[in-house]
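Enquirer:
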Amino acid sequence: KMSEASQLNLILNQFEPDAIQILMDYFFSGVFEFPATLFQSKKKQLQIITNLLVCAKVLNIHSLINHCEEILCEYVNVDNVASLSQTADKIKSKKLRDAIVKFHLSLAAAPTGILALQLAIPGQLTHDIE
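By my numbering, the letter at position 78 of the sequence shown is numbered 76, and the numbering carries on one by one without gaps.
Structural data, given as structure tokens:
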């Protein structure tokens, strides 16, 4: 039988060091903030926030889950909608799923909607349209 410390260590080893550092800072300070070094690229921010969200979900930290979901809901775009959709499904995030649906609806309503929607969901609409 594994001890709780061993189980936590096993869980935390699955996540990026930057996400774990933010998590530890959150535990000690109660404040949710990102180090300035994480603002170097939007892609890196998205990766770390997504990783942190999954970690918070595994550890059942509701306040951190809410913070991460709110940020990710604002990040949804054509470049990341597929990966965010996978994350939403993986952790069963209704908030993120709703933001993705809203994003898809906004694309469909745009003048070039169906083309943009095809770019956002590669391979999923092509056979439905033909």
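Note that beta-carbon positions come from the ideal geometry of N, C-alpha and C, so glycine has one too.
In this text, all values refer to a predicted model and were calculated from it rather than measured experimentally.
Can you tell me which of 104, 17, 102 and 87 puts its alpha carbon nearest to the alpha carbon of residue 46?
Expert: The candidate whose alpha carbon is nearest that of residue 46 is 17.
Enquirer: Specify the secondary structure class of residue 29 as computed by DSSP and reduced to three states.
Expert: Three-state result, residue 29: coil.
Enquirer: So, residue 51 versus residue 20, is the Cβ gap smaller than 8 Å?
Expert: Not in contact: residue 51 and residue 20 (Cβ atoms no closer than 8 Å).
Enquirer: When we look at the beta-carbon of residue 105 and count the other beta-carbons within 10 Å, is it buried (16 or more) or exposed?
Expert: Buried, since its Cβ has 16 or more Cβ neighbours within 10 Å.
Enquirer: According to DSSP, simplified to helix, strand and coil, what is residue 68?
Expert: Residue state, collapsed to three classes: helix.
Enquirer: So residue 94 packs on residue 67, CB below 8 Å; how close in whole Å?
Expert: Contact flag correct, Cβ pair sits at about 5 Å.
Enquirer: How would you call residue 27, buried or exposed, if buried means at least 16 neighbouring beta carbons within 10 angstroms?
Expert: It is exposed - the Cβ of residue 27 has fewer than 16 other Cβ atoms within 10 Å.
Enquirer: Let's see if you can read the secondary structure: which residues bound the alpha helix (DSSP H) around residue 96?
Expert: First-last of the alpha helix (DSSP H) with residue 96: 92 to 107.
Enquirer: Assuming residue 46 is part of the alpha helix (DSSP H), what are its boundary residues?
Expert: Run containing residue 46: 40 to 57, per the alpha helix (DSSP H) assignment.
Enquirer: Here's the rule: buried if 16 or more other CB atoms are within 10 angstroms of the residue's CB, otherwise exposed. What is residue 128?
Expert: Any answer about residue 128 is weak, because its pLDDT of 36 lies below 50 and its placement is not dependable; what the coordinates show is given next. Under this definition residue 128 is an exposed residue.
Enquirer: DSSP on residue 77, reduced to helix/strand/coil?
Expert: Residue 77 falls in the coil class under three-state DSSP.
Enquirer: Is the beta carbon of residue 82 closer than 8 Å to that of residue 70?
Expert: In contact: residue 70 and residue 82 (Cβ atoms closer than 8 Å).
Enquirer: Nearest-angstrom Cα distance between residue 101 and residue 57?
Expert: Cα to Cα, residue 101 sits roughly 29 Å from residue 57.
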